[in-house]
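In the numbering used here, the protein residues as written are 263 to 584.
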């Protein structure tokens, strides 16, 4: 399998995921409301902060909308989990990116034509930046093959997308990790290295795609009712403690320990980050399965440092089955 064939195989997996949920707009309603409300809040908070600071961008001044930011959504897929018309009122510009052209077409087809024309589409884009280098046969790949993949995955290059003020990863990191999980046995000696490289590389990409003084919003599912049956039954007030207890018991999707993610998007690990906050969890029901979803919101420093992001510290790669 060549590099391009590896990308094609991974893209096919993502297309299959999107095809399965193409008609699930209604099932996404509660999750979509949570995500859209969160991103609207982010826009409002940034608007207020910019007004206090007297900030003006020349392009935005010319447009007459000096109080809003550019928004980039990575992994938008069918658009089921984001209300783009609502966000259009909160942001100066919107860019969406995905690897699946058919899903993006479905997403745009739901929108009023003037709005669809305003949105910038980047597709197809391999947002892992590394699928072309994933060894085609985990059992026979050499250490050099794995070292190459891990180096590329930890520092992904996605040159076709311009940095924006607010950058959102919309339940994408779990899908990127799941692609590796589906192709590399958990018993393989480089499994944890591969998962961590994809995870930390995605966080690195978010930091690089976010302008200085911008905001990163990492939204991800962390555990499901498959391994946490009470997720479907507890009250909203009990949900945070249930998820916290599950994470402490190492019941979480591979590579997605919420506490570790929070640490990775902190000034202690990434010199592009000024501070971060935790939001959630909330529930997202898909068919018979319920997911716990969290959001991490990180502010980038006002002056861009050297090209660096979270480094792979080799911790907490393995959790519950994805």
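In this text, a Cβ means the ideal position worked out from N, Cα and C, and glycines have one as well. Predicted model, so just to flag it, every value in this text is computed and none were measured.
Per-residue DSSP class, three states only, for residue 401: Numbered from its first residue, the chain shown carries residue 401 at position 139. Looking at residue 401 - three-state DSSP - the assignment turns out to be coil, as it is neither helix nor strand.
Distance, residue 519 Cα to residue 512 Cα: Taking the chain shown and counting its residues from 1, one reaches residue 512 at position 250. Taking the chain shown and counting its residues from 1, one reaches residue 519 at position 257. So the alpha carbons of these two residues sit roughly 8 Å apart.
Could you give the distance in angstroms between the alpha-carbon of residue 366 and the alpha-carbon of residue 277? By one-based count along the chain shown, residue 366 stands at place 104. By one-based count along the chain shown, residue 277 stands at place 15. Going from the Cα of residue 366 to the Cα of residue 277 covers about 11 Å.
Residue environment, residue 507, which counts as buried when at least 16 other CB atoms sit within 10 Å: In the chain shown, residue 507 corresponds to position 245, counting from 1. By the neighbour-count rule (16 or more Cβ atoms within 10 Å), residue 507 is not buried but exposed.
Consult DSSP for residue 541 and reduce its assignment to one of helix, strand or coil. Taking the first residue of the chain shown as position 1, residue 541 is located at position 279. Three-state result, residue 541: strand.
Anyone know if the C-beta pair for residue 516 and residue 446 falls short of 8 Å? Taking the chain shown and counting its residues from 1, one reaches residue 516 at position 254. Taking the chain shown and counting its residues from 1, one reaches residue 446 at position 184. Not in contact: residue 516 and residue 446 (Cβ atoms no closer than 8 Å).
Straight-line Cα distance separating residue 356 from residue 350: To locate residue 350, count along the chain shown from 1; it is residue 88. To locate residue 356, count along the chain shown from 1; it is residue 94. Their backbone Cα atoms lie some 7 Å apart in a straight line.
Could you tell me which residues DSSP puts in a beta bridge with residue 364? What you label residue 364 is simply residue 102 of the chain shown in a count that begins at 1. According to DSSP, which records beta bridges pairwise, residue 364 is partnered with nothing at all.
Quick check: the Cα distance between residue 294 and residue 460, rounded to an integer number of angstroms? Numbered from 1 along the chain shown, position 32 holds the residue referred to as residue 294. Numbered from 1 along the chain shown, position 198 holds the residue referred to as residue 460. C-alpha separation (whole angstroms): 26 Å.
Within its chain, find whatever has a CB closer than 8 Å to the CB of residue 476; leave out the 5 residues flanking it on each side and keep chain order. Against the chain shown, residue 476 aligns to sequence position 214. The residues are 331, 425, 426, 427, 428, 429, 561 and 562.
Judging by CA-CA distance, which residue of 564, 438, 535 and 504 is the nearest neighbour of residue 543? Numbered from its first residue, the chain shown carries residue 543 at position 281. Comparing Cα positions, the closest option is 504.
CB of residue 585 within 8 Å of CB of residue 523, strictly: Nothing can be reported for residue 585, as the shown portion of the chain is limited to 263 through 584.
With the cut-off set at 8 Å, would you say residue 486 and residue 552 are in Cβ contact? Locating residue 486 in the chain shown gives position 224, where the first residue counts as 1. Locating residue 552 in the chain shown gives position 290, where the first residue counts as 1. It is a contact, given that the beta carbons lie within the stated cut-off.
Helix, strand or coil: how does DSSP classify residue 326 here? Indexing the chain shown from 1 puts residue 326 at position 64. Confidence is the limiting factor: at residue 326 the pLDDT is only 42, short of 50, which leaves the residue's position unreliable, though a coordinate-based value still follows. The answer is coil: DSSP assigns residue 326 none of H, G, I, E or B.
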